[in-house]
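**Student:**
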Amino acid sequence: MGLFTELKTSISRVTDRLFTDEEPKRIGIYGPPNAGKTTLANRIARDWTGDAIGAESHIPHETRRARRKEDVQIEREGKSVTIDIVDTPGVTTKVDYEEFTDEMEEDDAIRRSREATEGVAEAMHWLREDVDGVIYVLDSAEDPITQVNTMLIGIIESRDLPVLIFANKIDLEDSSVKRIEDAFPQHKTVPLSAKEGENMDEVYEKIAEYFG
Amino acid sequence: MPHATNADDPDTPDGVQIDLISGERMDSLASMEKIRMILDGVHEGNIVILEEGLSPDEESKLIEVTMSEISPDEFNGIEIETYPKSSTRDSSLLGRIMGNNESAAKLTVIGPANQIETLHKDETLISALVSRD
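Residue numbers (UniProt numbering), protein chains in the order written: chain A, 1 to 212; chain B, 1 to 133.
#1: At the 8 angstroms Cβ level, is Thr93 of chain A part of the contact set with chain B, yes or no?
#2: With burial defined as no fewer than 16 other Cβ atoms inside 10 Å of the residue's Cβ, what is the status of Lys61 of chain B: buried or exposed?
#3: Would Ala128 of chain B pass as a contact of Ile116 of chain B if the rule is Cβ separation under 8 angstroms?
#4: Give the single residue among B:His120, B:Ile126, B:Asn114 whose Cα lies nearest to the Cα of Leu107 of chain B.
#5: Residues in its own chain within less than 7 angstroms of Val177 of chain A by CB, not counting five upstream and five downstream?
#6: When you compare only the Cα positions, how much space is there between Ile207 of chain A and Asp19 of chain B?
#7: Comparing C-alpha positions only, which one of B:Ser31, B:Ile49, B:Asp14 sits nearest to residue 139 of chain B?
#8: Taking 8 angstroms as the threshold, find out whether the region 56–71 of chain B comes into contact with the region 102–112 of chain A through three or more Cβ pairs.
#9: Give a yes or no on whether 8 angstroms exceeds the smallest Cβ distance from Tyr30 of chain A to chain B.
#10: Here's a check: name, in chain order, each residue in its chain whose Cβ is nearer than 7 angstroms to the Cβ of Ile35 of chain B, leaving out the five neighbours to either side.
#11: Name the two residues that bound the continuous beta strand (DSSP E) containing Gln73 of chain A.
#12: Taking 8 angstroms as the threshold (C-beta atoms), are Gly31 of chain A and Val137 of chain A in contact?
#13: Whole angstroms are fine: how far does the CA of Asp96 of chain A sit from the CA of Val16 of chain B?
#14: Quick one, which residues of the region 68–81 of chain B are near chain A if we go by CB-CB under 8 angstroms, in chain order?
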């Protein structure tokens, strides 16, 4: 590419941004611990930017600080949206460090629980102040009617935030998407397996539709 | 606020205290005062029952403040169970007991996570096991 062409392309990008683009929407990925939020955030980030967001683990509270991936541009069916993905710690009302002592030393378990509580507090604060939409991730092999899920969906509704419910882990034998649809019939539920990459086309279509 | 119970202290009764807080009392408090009252009770080992529950914003702040107070070996959080909001104004048990027919009927049970275990919950019943430990 010649110097003039490069300069023209560069100026075009800047003017496009100045005159046509809005600020990226901040989309918070919320849900209970171990629902697969970080796996989904990584899948989306890798598919559209080539980079992951954070580490994944079967141990609850692997994500203990909200992590953001900026300027993720998603295009589907002629619709386009640029979002900042905010991967948040799993929301809970209790954290007991002894739950982690089978997996790690006591000092590390205590540190993990302290970081987890700070992360959940931060995520709740952001939900009230700092997100434009929510992707609520549930493990479709688990009962969705829990107090935390009901409370969180109620908080999201009270703020009039657009919300998509993602029924994750459909690759598991006990998965039931209908159980989630029946629990929260007022919201669109999208089935997927973030781990296996199943149904990601519909995931991106709905993200572009709901948050675009 | 009544005394907390302590099985090792002969001056305090052996049992679990249950605070049933009316909607009228909660209405007179600011959001953070409500949260402080709930968490002070739970820290003392009490079960707190709210006649009219909390608003979504207050529930969010309750989780946030609870997280900031969790400490290893001392306090590991709360259990909270709430009936869904009912359109039936006078259907709640507390509403009938207290003669308050204007209740929004969102009865909420909150207790220390290490003492309260929900055994069953549906739209008309919350069944909880409370231990003294």
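Ideal Cβ placement from N, Cα and C applies to all residues, glycine included.
Keep in mind that this is a model prediction, so the values were computed, not measured.
**Tutor:** On the basis of the coordinates in this document:
#1: yes
#2: buried
#3: yes
#4: Residue B:Ile126 is the option with its Cα nearest to Leu107 of chain B.
#5: Ser140, Ala167, Ile170, Thr189, Pro191
#6: Their Cα atoms are separated by approximately 45 angstroms.
#7: Here chain B has residues from 1 to 133 only, and residue 139 of chain B is not among them.
#8: no
#9: no
#10: Glu58, Lys61, Leu62, Val65
#11: 67–76
#12: yes
#13: For Val16 of chain B and Asp96 of chain A, the distance between alpha carbons rounds to 22 angstroms.
#14: Ser68, Ile70, Pro72, Asn76, Gly77, Ile78, Glu79, Ile80, Glu81
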